[in-house]
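Using the working numbering, read the sequence shown as starting at 1 and increasing by one per residue.
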Amino acid sequence: MKEQPDILCIGSVLWDVIGRAASHMRVGSDVPGRITRLPGGVAMNIAMTLSRFGLTPALLTAIGQDPEGEELIAEANRMGMITDHVYRSEDLPTDVYMAIEGANGLIAAIADAHSLESAGAKILRSLDNGRLGSAEAPFKGPVALDGNLTEELLQQIAKSPLFARADLRVAPASPGKANRLLALLGHPSATLYVNLEEAGLLCQTTFTHSVEAVHALCTRGAHRVLVTNGGGSAAEGTAGDVIEATPPAVMVTRVTGAGDTFMAAHIASEAQGMDRTDALTRALNAAATYVSGETPL
């Protein structure tokens with residue numbers, strides 16, 4: 001295994017417990033389906049896709065020393081990720097995410113990321129102690145950052161010299177946590193990956209088109225933005241320079257993790273030298289493949 005990572009994935013690494021049903025569901029529905037338990041969390045989902053695209057990610061997160069944590073670390077190692085920098089707490093349990101999905105999409109979800117939030121800046125120790133970088137010689141390279149971190153920690157990261165040379169790629173954990181990213185709107189190298197709803201929450205309005213959302217976020221101070229809109233067109237750009245593309249139409253069989261797959265595929269495509277249009281198209285194709293139930297390559 002490589003000792004030096006191609007990219008850092010900072011944020012939630014946990015177990016996803018997902019119940020999926022083939023029928024439409026509403027509040028109170030009780031239907032047959034399948035329940036799966038898989039490694040998940042924004043940082044982990046991104047890392048898994050990056051690994052499939054040939055990159056070696058390092059995880060910076062909090063994982064308990066409980067049996068669930070040991071199993072999760074083993075899975076990450078098996079997939080070729082670097083776990084040497086994970087904060088392993090004796091007192092905090094391994095986090096978990098639980099969701100219900102029907103044929104009409106995500107019905108409900110609960111993300112228990114309390115251990116990650118409690119660990120706080122401890123997960124960043126390797127960026128300060130010389131193992132991955134220091135204040136005098138900060139890490140240079142891409143960093144995938146997820147919005148499960150506390151607002152306080154995200155504010156610290158926005159101003160920290162430890163990230164002064166990093167290519168920050170940022171995603172909210174969910175619409176409910178989108179406003180945490182406001183701290184990073186003015187960061188000079190941050191790229192935000194959001195969906196149309198999250199873009200609206202950040203701008204305190206409602207958008208009908210992804211291009212409109214990119215322009216608005218750049219006006220608010222974002223360096224660079226990518227906005228997705230489900231099966232509608234997605235947009236990528238900076239102030240005054242926006243492109244868009246439409247994903248292929250597919251039968252949707254799952255939704256949890258689709259945005260993370262899109263983000264990881266886009267990062268990998270740019271790392272491998274693709275131009276803007278090809279990188280956006282490839283990322284949309286990877287996300288479409290994922291929601292159709294296949295594994296994106």
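C-beta: ideal position from N, C-alpha, C; glycine also.
Delimiting residues of the alpha helix (DSSP H) encompassing glutamate 212: Counting from one through the sequence shown, the residue named residue 212 turns up at place 212. In this chain, the alpha helix (DSSP H) harbouring glutamate 212 covers 210-219.
Supposed close pair aspartate 167, glycine 133 - CB separation, criterion 8 Å: Within the sequence shown, numbered from 1, the residue matching residue 167 stands at position 167. Within the sequence shown, numbered from 1, the residue matching residue 133 stands at position 133. Incorrect: roughly 13 Å between the Cβ atoms, too far for contact.
Backbone CA spacing between glycine 41 and arginine 52 [nearest angstrom]: Position 41 of the sequence shown, counted from the start, is the residue given in the question as residue 41. Position 52 of the sequence shown, counted from the start, is the residue given in the question as residue 52. Cα-Cα distance, rounded: 17 Å.
The region 66-77 / the region 123-132 touching (three or more Cβ pairs under 8 Å): no
Short Cβ contact (7 Å threshold) for leucine 55 with isoleucine 7: Indexing the sequence shown from 1 puts residue 55 at position 55. Indexing the sequence shown from 1 puts residue 7 at position 7. The answer is yes: Cβ separation under 7 Å.
For alanine 58: DSSP bridge partner residues: To locate residue 58, count along the sequence shown from 1; it is residue 58. For alanine 58, which the question treats as bridged, DSSP gives the partners Leu8, Ile82.
Exposure label - valine 214; buried when at least 16 CB within 10 Å: Position 214 of the sequence shown, counted from the start, is the residue given in the question as residue 214. Buried is the call here.
Beta-carbon gap between alanine 222 and leucine 185 smaller than 7 Å: Working through the sequence shown from its first residue, we reach residue 222 at position 222. Working through the sequence shown from its first residue, we reach residue 185 at position 185. Cβ atoms of alanine 222 and leucine 185: closer than 7 Å.
Residues near glycine 257 by beta carbon distance below 8 Å, same chain, minus five either side: Working through the sequence shown from its first residue, we reach residue 257 at position 257. Only Asp16, Gly40, Asn45, Tyr290 meet the Cβ criterion.
One or two residues paired with aspartate 241 in a DSSP bridge: Residue numbering aside, residue 241 sits at position 241 when the sequence shown is read from its first letter. According to DSSP, which records beta bridges pairwise, aspartate 241 is partnered with Thr238.
Start and end residues, beta strand (DSSP E) containing aspartate 16: Against the sequence shown, residue 16 aligns to sequence position 16. Counted as a single uninterrupted DSSP element, the beta strand (DSSP E) harbouring aspartate 16 occupies residues 14-20.
Continuous alpha helix (DSSP H) assignments of at least 4 residues falling wholly in the region 89-146: 114-119
Closest by C-alpha distance to asparagine 77, when choosing among Ala62, Gln65, Ala58: In the sequence shown, the residue the question calls residue 77 occupies position 77. Checked all of Ala62, Gln65, Ala58; the closest Cα to asparagine 77 is Ala58.
Reduced DSSP category for arginine 165 - H, G, I as helix; E, B as strand; rest coil: Translated into the one-based positions of the sequence shown, residue 165 becomes position 165. Of the three classes helix, strand and coil, the one that applies to arginine 165 here is coil, per DSSP.
Alanine 171 in three-state terms, based on DSSP: Residue 171 sits at position 171 when you count from the first residue of the sequence shown. In the structure shown, alanine 171 sits in a strand (DSSP, three-state: E or B).
Glycine 11 versus leucine 162 - alpha carbon distance: Looking up residue 11 in the sequence shown gives position 11. Looking up residue 162 in the sequence shown gives position 162. Glycine 11 and leucine 162 have their C-alpha atoms some 16 Å from each other.
DSSP beta-bridge partners of tyrosine 87: Numbered from 1 along the sequence shown, position 87 holds the residue referred to as residue 87. Tyrosine 87 is bridged to Ala62.
Residue range of the beta strand (DSSP E) that includes threonine 191: Stepping through the sequence shown from its first residue, residue 191 is reached at position 191. Where threonine 191 is concerned, the enclosing beta strand (DSSP E) stretches over 191-195.
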